[in-house]
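Protein chains: 2
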Amino acid sequence: MKAGPSPEEIRRHNLGTLLRFVHLRGPASRAVLAESLGLNRSTIMALTADLTAAGLVREELPRRPGRRAGRPSLVVRPESTRVYVLAFDIGVDRLSVARVGLGGTVLDRRSADLPRGPVDPAELVTALAGAARTLVRKAGRDAVCVGAGVAFPGIVRRSDDRVVFGPNIKLYDVALGEMLARRLALGVPVTVGNDADLGALAEQLRGAGVGCENIVYLHGDVGIGGGIIVGGRLLGGEEGFGGEIGHMIVNPGGRACACGSRGCLDSEVGERTLLDYAGRVQPDGQSGRDAVRAVVDAADRGDVTAREALHRVGTWLGFAVANLVNVFNPGMVIFGGTLRDVYLGSAAQVRSMVATGALAAPRDRVKLRTAELGDDATLTGAAEFAFADVLADPLQVLARLREPEETAPVP
Amino acid sequence: MKAGPSPEEIRRHNLGTLLRFVHLRGPASRAVLAESLGLNRSTIMALTADLTAAGLVREELPRRPGRRAGRPSLVVRPESTRVYVLAFDIGVDRLSVARVGLGGTVLDRRSADLPRGPVDPAELVTALAGAARTLVRKAGRDAVCVGAGVAFPGIVRRSDDRVVFGPNIKLYDVALGEMLARRLALGVPVTVGNDADLGALAEQLRGAGVGCENIVYLHGDVGIGGGIIVGGRLLGGEEGFGGEIGHMIVNPGGRACACGSRGCLDSEVGERTLLDYAGRVQPDGQSGRDAVRAVVDAADRGDVTAREALHRVGTWLGFAVANLVNVFNPGMVIFGGTLRDVYLGSAAQVRSMVATGALAAPRDRVKLRTAELGDDATLTGAAEFAFADVLADPLQVLARLREPEETAPVP
Numbered sequence: 004m005k006a007g008p009s010p011e012e013i014r015r016h017n018l019g020t021l022l023r024f025v026h027l028r029g030p031a032s033r034a035v036l037a038e039s040l041g042l043n044r045s046t047i048m049a050l051t052a053d054l055t056a057a058g059l060v061r062e063e064l065p066r067r068p069g070r071r072a073g074r075p076s077l078v079v080r081p082e083s084t085r086v087y088v089l090a091f092d093i094g095v096d097r098l099s100v101a102r103v104g105l106g107g108t109v110l111d112r113r114s115a116d117l118p119r120g121p122v123d124p125a126e127l128v129t130a131l132a133g134a135a136r137t138l139v140r141k142a143g144r145d146a147v148c149v150g151a152g153v154a155f156p157g158i159v160r161r162s163d164d165r166v167v168f169g170p171n172i173k174l175y176d177v178a179l180g181e182m183l184a185r186r187l188a189l190g191v192p193v194t195v196g197n198d199a200d201l202g203a204l205a206e207q208l209r210g211a212g213v214g215c216e217n218i219v220y221l222h223g224d225v226g227i228g229g230g231i232i233v234g235g236r237l238l239g240g241e242e243g244f245g246g247e248i249g250h251m252i253v254n255p256g257g258r259a260c261a262c263g264s265r266g267c268l269d270s271e272v273g274e275r276t277l278l279d280y281a282g283r284v285q286p287d288g289q290s291g292r293d294a295v296r297a298v299v300d301a302a303d304r305g306d307v308t309a310r311e312a313l314h315r316v317g318t319w320l321g322f323a324v325a326n327l328v329n330v331f332n333p334g335m336v337i338f339g340g341t342l343r344d345v346y347l348g349s350a351a352q353v354r355s356m357v358a359t360g361a362l363a364a365p366r367d368r369v370k371l372r373t374a375e376l377g378d379d380a381t382l383t384g385a386a387e388f389a390f391a392d393v394l395a396d397p398l399q400v401l402a403r404l405r406e407p408e409e410t411a412p413v414p
Numbered sequence: 004m005k006a007g008p009s010p011e012e013i014r015r016h017n018l019g020t021l022l023r024f025v026h027l028r029g030p031a032s033r034a035v036l037a038e039s040l041g042l043n044r045s046t047i048m049a050l051t052a053d054l055t056a057a058g059l060v061r062e063e064l065p066r067r068p069g070r071r072a073g074r075p076s077l078v079v080r081p082e083s084t085r086v087y088v089l090a091f092d093i094g095v096d097r098l099s100v101a102r103v104g105l106g107g108t109v110l111d112r113r114s115a116d117l118p119r120g121p122v123d124p125a126e127l128v129t130a131l132a133g134a135a136r137t138l139v140r141k142a143g144r145d146a147v148c149v150g151a152g153v154a155f156p157g158i159v160r161r162s163d164d165r166v167v168f169g170p171n172i173k174l175y176d177v178a179l180g181e182m183l184a185r186r187l188a189l190g191v192p193v194t195v196g197n198d199a200d201l202g203a204l205a206e207q208l209r210g211a212g213v214g215c216e217n218i219v220y221l222h223g224d225v226g227i228g229g230g231i232i233v234g235g236r237l238l239g240g241e242e243g244f245g246g247e248i249g250h251m252i253v254n255p256g257g258r259a260c261a262c263g264s265r266g267c268l269d270s271e272v273g274e275r276t277l278l279d280y281a282g283r284v285q286p287d288g289q290s291g292r293d294a295v296r297a298v299v300d301a302a303d304r305g306d307v308t309a310r311e312a313l314h315r316v317g318t319w320l321g322f323a324v325a326n327l328v329n330v331f332n333p334g335m336v337i338f339g340g341t342l343r344d345v346y347l348g349s350a351a352q353v354r355s356m357v358a359t360g361a362l363a364a365p366r367d368r369v370k371l372r373t374a375e376l377g378d379d380a381t382l383t384g385a386a387e388f389a390f391a392d393v394l395a396d397p398l399q400v401l402a403r404l405r406e407p408e409e410t411a412p413v414p
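These protein sequence lines are chains P and H, in that order.
Each residue of the first sequence is one higher than the last, beginning at 4 in my numbering.
Each residue of the second sequence is one higher than the last, beginning at 4 in my numbering.
Put into structure tokens, the structure is as follows:
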């Protein structure tokens, strides 16, 4: 039970709210800001002045002024090339690093293939930091990095950004956030999140789920992950491990799962299972997004084995979705990563299972949708995670970054 | 995206926070309030003066003053006999109505058996209002009813307190909140919630879950219900239908469920199933809490059939708990209603299923507990629902109640 905020806390909250508005919805006139945020125009002016002085936004005449007479309202625009974050996406077979500007624009990016199999933590951090350094160098002298975020395919403890369990790339108990922050030496913390959690966040803020407060996001890569938005917030649970939908048991006694259990959604619907059913397991055990898409394409062309494989997988996916609809009463279920393709190839079966397995009341309301951000959902979510601090307290973060650095600068 | 609150909103928030503190934690000195709420003592004095003037709290010398020299700090005490709510619990075979004072004390109560089978909405409302009227009459002239809450065994739409689906007492699509409010004519709205949701709330506020922000509460009556607390808040979903754990499919193709599906937790673990396995189905199809307890007692005494019945039921209960641990990363899973007894009779099996089915990371943290409030959990939750308005904005609610009534007074 906490008392209400102090005037200073309110000012910080309002600065953050204004900055978040233009970050997520784009440039806006003072008039629009005043109406949207429920503040009067003099307050908007004062807040904008502070954010402008800090170099976070700038005010401009609108590019396409309206026809009405009189002086046009100035437009507040995020400083999207000057203020940026670093976003990292650790996929099972690919690393991506991007420089993302305030406002959400990807300014620059690098990707590299990651050989499947065990990953050495130190080598991983070296690879990520190396790519980031290149991006930072190209950013220019007056650009400022205000945060860094990592999407990781496994279980992450939110309190200290530590990777707890990453079976798909064989990474366990690694202080990834701390290691990468030290190596980057940009004076910003590195927040690490589960990839599906970040995909969910991205779809809610910038994708299919905009405007929806209750979302279940299912993400397919090698494994199946989940991210859940409840009342507009990411469900974390006690330590940030929440949303592990991939390890819901849908088929008791079913296929063995990498987690040690049986019949998890992951083991019944994951990439290897689909390829197995479709008779397309690669001789070297490798697979990937393209292999999954090839099954869906083959089914589209009438391949019976591929169709049956998708039907089997769609049955378990449908069971899981029905359960999630009953438990969460979501406005939307979003299928992302390879599950986007799997869902498109098995939608009739998924919907049929939901029709019989979900209660009428929550079923009537839910929409089943595919992710809009495509393969960039997790990277976008990592960027949003990285922006969280500066959006919560813009001036404080900027002030801290301008203090003489205690850590060594990037060479 | 909303701007920060106005000074008036902050004052209301602080009034509500102070009132909530003494409501939930009991009488507190100004010194304790100042420290707990993070406000200075002059603010606490002003807030207390306002609440005292409104008749919501009173200040007294402590009953057992400390030994330290000087004037003892006054204790702020909720006006628990003067300010009350009406709490209704609609069980499958019993109605309970209580008058609950600010601070959570049950001041008076009435219960009546409800014959199992279809219930006529008008008769139900008449029975509830009649019992309430007796309690209100006995309350005295200076007592004020500040709210009313109903726990209902089925699906309730939160936006308009409407019963959508109540298969266990055959009540469908009834504007229960509105009907009861009109009949009570006390000038307060009647909020209606799912019984398991309210049980979860009660256990979090006053029972086993105090201090825990992430709780899964499983409630057994005739059916199995669930209430979930995420980040300190009740999970509602889009329309308040969330938390229907009883209709998670745990055993695909399993026993037919009243909802039309198969293998729901409800149909695998519910009262009828347990009694069926134990060979104790009543000839008239009736059952109830006593019958469930009798099975657990028999198992305790070594009855093999009863033990096997609990083992079977415990297996599916364990599957469900494992899934919920993976999805929610809760700090606690609480078993209430008849599931309290079922869990106590099958704890080893439930724990064994959780050990194999839940991921290590969230499993390490979760505690499995039985409800502390016993059969009163749902009634207590209904009272807390009813107090919500006055705790959110104390003076406003009191002022509204003192306006000349437009509705007829209770005869």
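Ideal placement from N, C-alpha and C gives every residue a C-beta, glycine not left out.
In this text, all values refer to a predicted model and were calculated from it rather than measured experimentally.
For residue i, three-class secondary structure by DSSP
i: residue 303 of chain P; result: helix
i: residue 63 of chain P; result: strand
i: residue 178 of chain P; result: coil
i: residue 14 of chain H; result: helix
i: residue 173 of chain H; result: coil
i: residue 317 of chain P; result: helix
i: residue 397 of chain H; result: helix
i: residue 164 of chain H; result: coil
i: residue 390 of chain P; result: helix
i: residue 85 of chain P; result: coil
i: residue 261 of chain P; result: coil
i: residue 410 of chain P; result: Unreliable positioning characterises residue 410 of chain P in this predicted model, as indicated by a pLDDT of 48, which lies under 50. A coordinate reading is not provided.
i: residue 251 of chain H; result: coil
i: residue 119 of chain P; result: coil
i: residue 197 of chain H; result: strand
i: residue 297 of chain H; result: helix
i: residue 35 of chain P; result: helix
Close-in-space but distant-in-sequence residues of the same chain around residue i (CB under 7 Å, 5 per side omitted)
i: residue 369 of chain H; result: 328, 333, 334, 335 and 336
i: residue 168 of chain H; result: 157, 158 and 175
i: residue 292 of chain P; result: 341
i: residue 270 of chain H; result: 257, 258, 259, 260 and 276
Closer than 7 Å at the beta carbon, the chain B residues around residue i
i: residue 218 of chain P; result: Absent here is chain B; the protein component of the structure consists of chains P and H.
Sequence-distant residues of the same chain with beta carbon closer than 6 Å to residue i, five excluded per side
i: residue 411 of chain H; result: Residue placement at residue 411 of chain H is flagged as unreliable, the pLDDT there being 46, under the threshold of 50; the coordinate-derived value follows with that caveat. The answer, listed in chain order, is 188.
i: residue 371 of chain P; result: 336
i: residue 173 of chain H; result: 121
i: residue 296 of chain H; result: 344
Integer-rounded CB distance, given that residue j should sit under 8 Å from residue i
i: residue 198 of chain P; j: residue 381 of chain P; result: 5 Å
i: residue 232 of chain P; j: residue 323 of chain P; result: About 17 Å separates the two Cβ atoms, so there is no contact after all.
i: residue 205 of chain H; j: residue 94 of chain H; result: That pair is no contact at about 15 Å.
i: residue 460 of chain H; j: residue 102 of chain H; result: Because chain H spans 4 through 414 in this model, residue 460 of chain H falls outside it and cannot be assessed.
i: residue 127 of chain P; j: residue 100 of chain P; result: About 12 Å; that fails the 8 Å criterion.
i: residue 200 of chain H; j: residue 246 of chain H; result: 6 Å
i: residue 272 of chain H; j: residue 319 of chain H; result: 5 Å
Own chain partners of residue i with C-beta closer than 8 Å, once the 5 adjacent residues on each side are dropped
i: residue 213 of chain H; result: 207
i: residue 31 of chain P; result: 24, 25, 39, 78 and 79
i: residue 17 of chain P; result: 40, 42, 46 and 50
Residue i CB to nearest heavy atom of the ligand COA below 6 Å
i: residue 219 of chain P; result: Inclusion of the ligand COA in the displayed structure is not the case, the ligand content being empty and no account of it being possible.
Could you say if the stretch 338-345 of chain H and the stretch 218-236 of chain H meet the contact criterion of at least three C-beta pairs nearer than 8 Å?
Flag = yes, the stretch 338-345 of chain H and the stretch 218-236 of chain H touch.
Meets three-Cβ-pair contact criterion under 8 Å: the stretch 295-315 of chain P and the stretch 269-285 of chain P:
Result yes; three or more Cβ-Cβ pairs closer than 8 Å.
Decide if the stretch 115-129 of chain H is in contact with the stretch 53-67 of chain H; the criterion is three or more beta carbon pairs, one per stretch, under 8 Å apart.
Cβ pair count under 8 Å is below three, so no.
Going along the chain, which residues of the stretch 15-36 of chain P sit with their C-beta nearer than 9 Å to a C-beta in chain H?
Of all residues in the stretch 15-36 of chain P, those with a C-beta nearer than 9 Å to a C-beta of chain H are 15, 16, 17, 20, 21, 23, 24, 27 and 28, reading in chain order.
The stretch 138-160 of chain P: positions lying closer than 7 Å to chain H by Cβ
Along the stretch 138-160 of chain P, going in chain order, the ones with a CB nearer than 7 Å to a CB of chain H are 158.
Taking a Cβ distance cut-off of 8 Å, strictly less, list which residues of the stretch 247-281 of chain H are near chain P, in chain order.
Against chain P - using a Cβ distance shorter than 8 Å - the residues of the stretch 247-281 of chain H are 247, 248, 250, 251, 252, 253, 254, 255, 262, 263 and 264.
Taking three-plus beta-carbon pairs below 8 Å as touching, is the stretch 142-160 of chain P in contact with the stretch 81-93 of chain P?
With a cut-off of 8 Å, the stretch 81-93 of chain P and the stretch 142-160 of chain P count as touching, because enough Cβ pairs lie within range.
Do the stretch 398-406 of chain H and the stretch 227-246 of chain H touch if we need at least three Cβ pairs shorter than 8 Å?
No: the two stretches stay apart, fewer than three of their Cβ pairs being nearer than 8 Å.
Could you run through the stretch 326-347 of chain H and flag, in chain order, every residue whose CB is less than 7 Å away from some CB of chain P?
Cβ contacts with chain P come from 326, 329, 330, 331, 332, 333 and 334.
Residues of the stretch 201-215 of chain P in Cβ contact with chain H at a cutoff of 7 Å, in chain order, please.
Look at the stretch 201-215 of chain P: it has no residue with a C-beta under 7 Å from a C-beta of chain H.
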